[in-house]
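Encoded as structure tokens, the structure appears first; notes follow it.
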Amino acid sequence: MAGHSKWANIQHRKGRQDAKRGKIFSRLAKEITVAAKLGGGDANFNPRLRMAVDKAKAENMPNDNIDRAIKKGTGELEGVSYEEVRYEGYGPGGMPVIVDCLTDNKTRTVADVRHALSKHGGNMGTDGCVAFLFKHCGQIILEPGADEDRVMEVALEAGAEDVLANDDGSIEVLTAPNNDLATVKEALEAAGLKPVMAEITMKPLNETEVLGDDAVKFQKMLDMLDDLDDVQDVFTSAVLPE
2 MAGHSKWANI QHRKGRQDAK RGKIFSRLAK EITVAAKLGG GDANFNPRLR MAVDKAKAEN
62 MPNDNIDRAI KKGTGELEGV SYEEVRYEGY GPGGMPVIVD CLTDNKTRTV ADVRHALSKH
122 GGNMGTDGCV AFLFKHCGQI ILEPGADEDR VMEVALEAGA EDVLANDDGS IEVLTAPNND
182 LATVKEALEA AGLKPVMAEI TMKPLNETEV LGDDAVKFQK MLDMLDDLDD VQDVFTSAVL
242 PE
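Here this note's numbering is used: the first residue of the sequence shown is 2, the next is one more, and so on.
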């Protein structure tokens, strides 16, 4: 058995996303545009684009929005040029934090991220200061009640690296951060095992519960980062109370 309450954390995040539908669409469109720019506009030959489009469809993003974002990436439509940038630092209680952004103005973005961290008792670090505490991988989550033996059989045969049963009954499948994620996800779906989440992530090697004032500050810091238009993802080893 491994992990804290993955399912509760996912449900909490999903609830927050539902309340911010417009912002979610904006982030998804950015990711689709960048994926199309880097790997071409055909999702069949661009795993990153395929995952981004799948995620957009799961969020009920209109097809017109998806097509427009792809065309901006391939240059068929005029659009903003985004740059991928990662910031590393520490939140309240010294917990490691990684913030991934897509931005057209790095000066603005670094100032915004630094402010969000420092305002709540954290601080920006140097490149590489916390990345070694995380594993870059593909992560697939299946909700509690999925057949663990069947998930393991299908996932490992399709190229997964590991299958973990979490304390809350959810099942976590880990893959290499490349084509394997899409391949394993599609194999699970073909076997009737539908994941609730599939994404490239920075998975903490160890998780630590954060309680009391630090937990309150940490949540406020995460909320502030989440409100920044340039922020795509935030990863941390901190586990907050539900």
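In this text, a Cβ means the ideal position worked out from N, Cα and C, and glycines have one as well.
- Taken atom to atom, the span from the alpha-carbon of residue 188 to that of residue 103 is near 30 Å.
- Collapsing the DSSP output to three states places residue 179 in coil.
- Under DSSP, residue 140 takes part in a beta bridge, and its partners are 175, 200.
- The C-alpha of residue 194 lies about 42 Å from the C-alpha of residue 119.
- Taking the Cα of residue 237 as reference, the smallest distance to any Cα among 175, 107, 214, 204 is reached at 204.
- Linking residue 219 to residue 191 through their CA atoms gives a straight-line distance of about 39 Å.
- Sixteen is the threshold: when 16 or more other Cβ atoms of the shown chains lie within 10 Å of the Cβ of residue 211, as they do, the residue is buried.
- Closest in alpha carbon position to residue 180, among 109, 140, 30, 81, is 140.
- Of the other Cβ atoms in all chains shown, fewer than 16 fall within 10 Å of the Cβ of residue 85; this residue is therefore exposed.
- Each residue's CA atom was taken as its position, placing residue 171 and residue 26 some 27 Å apart.
- Where residue 227 is concerned, the enclosing alpha helix (DSSP H) starts and stops at 213 to 227.
- Between residue 145 and residue 169, the CB-CB gap stays under 9 Å.
- Note on geometry: alpha-carbon atoms of residue 175 and residue 155 lie some 13 Å from one another.
- The DSSP-derived three-state label of residue 154 is helix.
- In this structure, residue 131 sits near residue 97, with a CB-CB distance shorter than 9 Å.
- Shown here, residue 110 sits in a helix according to DSSP, grouped into three states.
- Assigned with DSSP and collapsed to three states, residue 96 falls in coil, not helix or strand.
- In this structure, the CA atom of residue 48 is about 34 Å from the CA atom of residue 221.
- In terms of Cβ geometry, residue 37 and residue 72 form a close pair [threshold 9 Å].
- Under the 10 Å beta carbon count, residue 39 is surrounded by fewer than 16 other beta carbons and is classified as exposed.
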